[in-house]
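Q: What follows is a single structure, and I will ask about it in a moment.
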Amino acid sequence: MWIYVFLGNALRGIGETPVTPLGISYIDDFAKAENSPFYIACLQTITLLGPMFGFLLGSYCAKLYVDVGYVDMESVTITPKDSRWVGAWWLGFLISSSLLLVSSIPFWFLPRSLPKQGDETDTPTPPSLTLDGAERFLPSLKRLLGTPTYFLFLCAAILKFNSFIGLLTFKAKYMEQQFGQSASRANFLIGVLNLPAVAVGIFLGGLLMRRYKLSVVSGAQLSFATSFMGYLLLLLQFGTKCDNRPVAGLTVSYNGSASRHNPSQKYNLVHSMLFSDCNRDCSCSPDEWDPVCSDSGVTYVSPCMAGCLNSSGRGKNTVGKQISLKVSTSARLGQCPHAKDCTRILLFLTVNITGVEFVLTAFFLLFFLFQRSCITPDLKSLALGIQTLVTRTLGGIPAPVYFGALIDSTCLKWSIKKCGGKGACRIYDSNMYRLASNLIH
């Protein structure tokens with residue numbers, strides 16, 4: 001299945017890649033100098049509407065079970081907040097691909113050449129765009145990368161794009177693990193709060209550039225000021241602490257005291273901590289993950305580990321009874337909820353990240369001022385193309401890999417596949433996860 005998703009994304013990338021270098025270059029060539037940042041800001045703002053609606057669509061699909069329509073939902077024992085829940089991810093692809101196909105139809109009716117402002121006479125094609133342009137590519141690339149301002153901005157763009165992609169990729173997961181939110185609610189919050197903040201930041205940045213006709217130096221100074229302010233706001237996230245859920249054998253011991261479990265501990269040592277005197281002779285599997293919440297507020301990794309001898313109810317309403325542990329008398333399926341103050345912390349985190357993204361994107365269009373002032377007209381399309389290529393390859397591809405590897409290092413309990421391999425992480429160390437995520441940003 002992942003091969004089909006990979007090929008689909010590759011085709012989508014081939015289709016959308018020319019839009020940025022050619023479309024923005026066209027706007028910059030045929031609009032007034034003071035208006036082009038504003039027009040480009042409008043284009044980038046509209047571009048962000050797609051991911052915004054995508055997150056909202058993902059929020060809806062995540063509420064639906066992956067096999068919706070094929071299984072009796074009354075028999076499903078997990079909820080959308082459970083780490084084992086898989087939403088109807090395939091439904092989003094069907095809807096979005098259908099809309100993409102319909103939206104491509106008007107492009108067949110566009111004229112062969114678009115109207116130009118000012119003089120309508122044909123201008124000679126620059127040498128870099130003719131058939132011998134391939135021979136001029138390497139010298140042009142050398143000239144482009146030899147421009148210090150362009151090269152420094154390219155490095156800065158890679159770092160910023162790395163952080164943005166890493167944050168966007170794992171932000172929903174962060175909300176799920178840190179604050180117990182479902183994937184549906186996490187995607188909804190990102191779609192209605194964070195992406196609109198980015199869009200408004202880009203739009204207002206372009207509006208300010210048009211209104212005050214900022215020079216490259218003024219734009220760079222304001223960009224530095226807003227970036228510094230954004231990073232100061234990011235420091236506040238280190239205080240958004242939501243403690244680990246009490247999970248017997250992982251985050252707390254069976255007598256209720258805090259556990260000293262380390263994510264780097266060996267497999268056998270971790271699994272030995274899941275057993276206690278009251279369940280050691282019950283033949284429980286340490287690989288099983290079917291959490292139950294006891295009436296004492298402690299989560300056990302399975303009904304067997306909790307010592308459940310009987311159960312009543314069906315589906316999500318199943319209740320384990322006759323627990324052999326002295327501290328509890330019954331348990332319900334699923335993990336125990338986070339502490340109530342985690343909701344207030346989530347509200348602060350959401351507001352803070354929204355402010356950070358707004359501030360950091362306010363002067364996103366500074367690159368286009370650099371382009372106009374520091375790059376010759378015959379290199380503009382190449383500069384935009386290289387910028388798109390480099391930021392997406394060096395910024396967009398590695399970021400999810402090393403972000404994911406760092407997050408995986410904070411895992412407390414891995415699932416085990418039927419074939420014996422390591423599966424998905426079921427629970428993370430919240431404190432380590434928070435520190436790792438904030439430090440890498």
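Mapping to full-length UniProt numbering: the sequence shown position 368 is 368, numbers consecutive. Positions of the beta carbon are idealized from the N, C-alpha and C atoms, including for glycine. In this text, all values refer to a predicted model and were calculated from it rather than measured experimentally.
Need the endpoints of the beta strand (DSSP E) that LEU412 sits in, please.
A: The sequence position of residue 412 within the sequence shown is 412, counting from 1. First-last of the beta strand (DSSP E) with LEU412: 411-416.
Q: Could you give the uninterrupted runs of the alpha helix (DSSP H) lying entirely in the segment 206-263, keeping only those of 4 residues or more?
A: Within the segment 206-263, the complete alpha helix (DSSP H) runs of at least 4 residues are 216-235.
Q: Where does SER83 sit, in a helix, a strand or coil, going by DSSP?
A: Here residue 83 is taken as the residue at index 83 of the sequence shown, counted from 1. Looking at SER83 - three-state DSSP - the assignment turns out to be coil, as it is neither helix nor strand.
Q: Does DSSP put VAL102 in a helix, a strand or coil?
A: Within the sequence shown, numbered from 1, the residue matching residue 102 stands at position 102. The answer is helix: DSSP assigns VAL102 an H, G or I state.
Q: Going by C-alpha distance, which of PHE153, ASP281, MET52, GLY166 is nearest PRO400?
A: Counting from 1 along the sequence shown, the entry for residue 400 is found at position 400. Ranking PHE153, ASP281, MET52, GLY166 by Cα distance to PRO400 puts GLY166 first.
Q: Quick check: what's the CA-CA separation for PRO139 versus ILE386?
A: Taking the sequence shown and counting its residues from 1, the one referred to as residue 139 is at position 139. Taking the sequence shown and counting its residues from 1, the one referred to as residue 386 is at position 386. The alpha-carbon atoms of PRO139 and ILE386 are separated by roughly 14 Å.
Q: Pull up the distance between the alpha-carbon of ALA157 and that of GLY396, whole angstroms please.
A: Here residue 157 refers to the residue found at position 157 when the sequence shown is read from its first residue. Here residue 396 refers to the residue found at position 396 when the sequence shown is read from its first residue. Computed Cα separation, rounded: 11 Å.
Q: CA-CA distance, LEU360 and THR226?
A: Translated into positions along the sequence shown, residue 360 becomes position 360. Translated into positions along the sequence shown, residue 226 becomes position 226. Distance between the alpha carbons of LEU360 and THR226: 6 Å.
Q: Buried or exposed: which applies to VAL301, given that a residue is buried once 16 or more other Cβ atoms fall within 10 Å of its Cβ?
A: In the sequence shown, the residue the question calls residue 301 occupies position 301. Burial call: buried.
Q: Check the C-beta distance from LYS81 over to SER182 and give it rounded, since I have them as a contact under 8 Å.
A: If you number the sequence shown from 1, residue 81 lands on position 81. If you number the sequence shown from 1, residue 182 lands on position 182. Between SER182 and LYS81 the Cβ distance is about 5 Å, and since that is below 8 Å, they are a contact.
Q: With respect to the beta strand (DSSP E) encompassing CYS425, which residues constitute its N-terminal and C-terminal limits?
A: For the purposes of this step, residue 425 is taken as residue 425 along the sequence shown, with counting starting at 1. That run of the beta strand (DSSP E) goes 422-428.
Q: Using only alpha-carbon positions, find the residue among GLY421, ASP408, CYS419, TRP85 that is nearest to SER430.
A: Taking the first residue of the sequence shown as 1, we reach residue 430 at position 430. When each option's Cα is compared against that of SER430, the closest is ASP408.
Q: Report, in whole angstroms, the separation of the C-beta atoms of TRP289 and LYS413, which I expect to be a contact under 8 Å.
A: Locating residue 289 in the sequence shown gives position 289, counting from the first residue. Locating residue 413 in the sequence shown gives position 413, counting from the first residue. Their Cβ separation, rounded to whole angstroms, is 7 Å, which keeps TRP289 and LYS413 in contact under 8 Å.
Q: VAL359 lies in the alpha helix (DSSP H); which residues open and close that run?
A: Here residue 359 corresponds to residue number 359 of the sequence shown, with the count starting at 1. Segment 341-360, the alpha helix (DSSP H) holding VAL359.
Q: Just verifying my parser: in three-state terms, what is the DSSP assignment at SER283?
A: Taking the first residue of the sequence shown as 1, we reach residue 283 at position 283. The answer is coil: DSSP assigns SER283 none of H, G, I, E or B.
Q: Can at least three beta-carbon pairs, one atom from the segment 184-193 and one from the segment 169-176, be found at a separation below 8 Å?
A: Flag = yes, the segment 184-193 and the segment 169-176 touch.
Q: Within a Cβ cutoff of 7 Å, which residues of the same chain sit near TRP90, ignoring the five residues on either side of it in sequence?
A: Position 90 of the sequence shown holds residue 90. Once the five neighbours on either side are set aside, TRP90 has no close Cβ partner at all.
Q: Buried or exposed for PHE6, going by 16 or more other Cβ atoms inside 10 Å?
A: Taking the first residue of the sequence shown as 1, we reach residue 6 at position 6. Counting Cβ neighbours within 10 Å, PHE6 comes out exposed, since fewer than 16 surround it.
Q: Report yes if the CB atom of THR240 is closer than 8 Å to the CB atom of LEU349, and no otherwise.
A: Here residue 240 corresponds to residue number 240 of the sequence shown, with the count starting at 1. Here residue 349 corresponds to residue number 349 of the sequence shown, with the count starting at 1. Contact flag set, yes.
Q: For the candidate residues ALA10, LEU43, LEU394, whose alpha-carbon lies nearest to that of VAL19?
A: As a first step, residue 19 is located in the sequence shown; it is residue number 19 there, counting from the start. The candidate whose alpha carbon is nearest that of VAL19 is LEU43.
Q: Throw me the rounded Cβ distance for the THR169 and PRO246 pair, which I believe falls under 8 Å.
A: Taking the first residue of the sequence shown as position 1, residue 169 is located at position 169. Taking the first residue of the sequence shown as position 1, residue 246 is located at position 246. Between PRO246 and THR169 the Cβ distance is about 29 Å, and since that is not below 8 Å, they are no contact.
Q: Counting only the same chain and skipping the five closest in sequence on each side, list residues whose C-beta sits under 6 Å from that of PRO398.
A: Numbered from its first residue, the sequence shown carries residue 398 at position 398. Answer for PRO398: no residue qualifies.
Q: Report, in whole angstroms, the separation of the C-beta atoms of ALA331 and VAL292, which I expect to be a contact under 8 Å.
A: Walking along the sequence shown from the start, residue 331 turns up at place 331. Walking along the sequence shown from the start, residue 292 turns up at place 292. Right, their Cβ atoms sit about 4 Å apart.
Q: Check whether the segment 89-104 touches the segment 189-198, counting contact only when three or more Cβ pairs, one atom from each stretch, lie closer than 8 Å.
A: Contact fails: fewer than three Cβ-Cβ distances are below 8 Å.
Q: Given LEU57, which residues of its chain have a CB within under 8 Å of its CB, disregarding the five upstream and five downstream residues?
A: Indexing the sequence shown from 1 puts residue 57 at position 57. GLY92, ILE95, SER96, listed in sequence order.
Q: The beta strand (DSSP E) spanning CYS293 covers which residue range?
A: For the purposes of this step, residue 293 is taken as residue 293 along the sequence shown, with counting starting at 1. It spans 292-294 - the beta strand (DSSP E) in which CYS293 sits, taken as one unbroken run.
Q: One question on the structure: do PHE203 and ALA41 come within less than 8 Å of each other, judged by their Cβ atoms?
A: Position 203 of the sequence shown, counted from the first residue, corresponds to residue 203. Position 41 of the sequence shown, counted from the first residue, corresponds to residue 41. Yes, these two residues count as a Cβ contact at 8 Å.
Q: May I ask you to report which of helix, strand or coil DSSP gives TYR70?
A: Counted from its first residue, the sequence shown places residue 70 at position 70. TYR70 falls in the coil class under three-state DSSP.
Q: Indicate the three-state DSSP secondary structure (helix, strand or coil) for THR393 in the structure shown.
A: Residue numbering aside, residue 393 sits at position 393 when the sequence shown is read from its first letter. Correct three-state label for THR393: helix.
Q: What is the rounded straight-line gap between the Cα of GLY50 and the Cα of SER285?
A: To locate residue 50, count along the sequence shown from 1; it is residue 50. To locate residue 285, count along the sequence shown from 1; it is residue 285. Whole-angstrom Cα-Cα distance: 45 Å.
Q: Can you give me the start and stop residues for the alpha helix (DSSP H) that TRP2 sits inside?
A: Here residue 2 corresponds to residue number 2 of the sequence shown, with the count starting at 1. Start and end: 2-16.
Q: Please list, in chain order, all residues of the same chain as TYR254 whose beta carbon is under 6 Å from its beta carbon, the five residues on each side excluded.
A: For the purposes of this step, residue 254 is taken as residue 254 along the sequence shown, with counting starting at 1. So the qualifying residues of the chain are ALA248, SER276.
Q: Return the first residue and the last residue of the alpha helix (DSSP H) that ASP408 is part of.
A: If you number the sequence shown from 1, residue 408 lands on position 408. ASP408 -> alpha helix (DSSP H) spans 398-408.
Q: So LYS380 packs on SER25, CB below 8 Å; how close in whole Å?
A: Position 380 of the sequence shown, counting from 1, holds the residue named residue 380. Position 25 of the sequence shown, counting from 1, holds the residue named residue 25. The Cβ separation is near 5 Å, so the contact holds.
Q: How far does the alpha helix (DSSP H) with LEU49 in it extend, from its first residue to its last?
A: Position 49 of the sequence shown, counting from 1, holds the residue named residue 49. From DSSP, the alpha helix (DSSP H) with LEU49 extends over 36-63.
Q: Leaving aside the five residues before and after ALA31 along the sequence, list all residues of the same chain whose C-beta is less than 6 Å from its C-beta, in chain order.
A: As a position in the sequence shown, residue 31 is number 31, starting the count at 1. So the list reads TYR39, once near-sequence residues are dropped.
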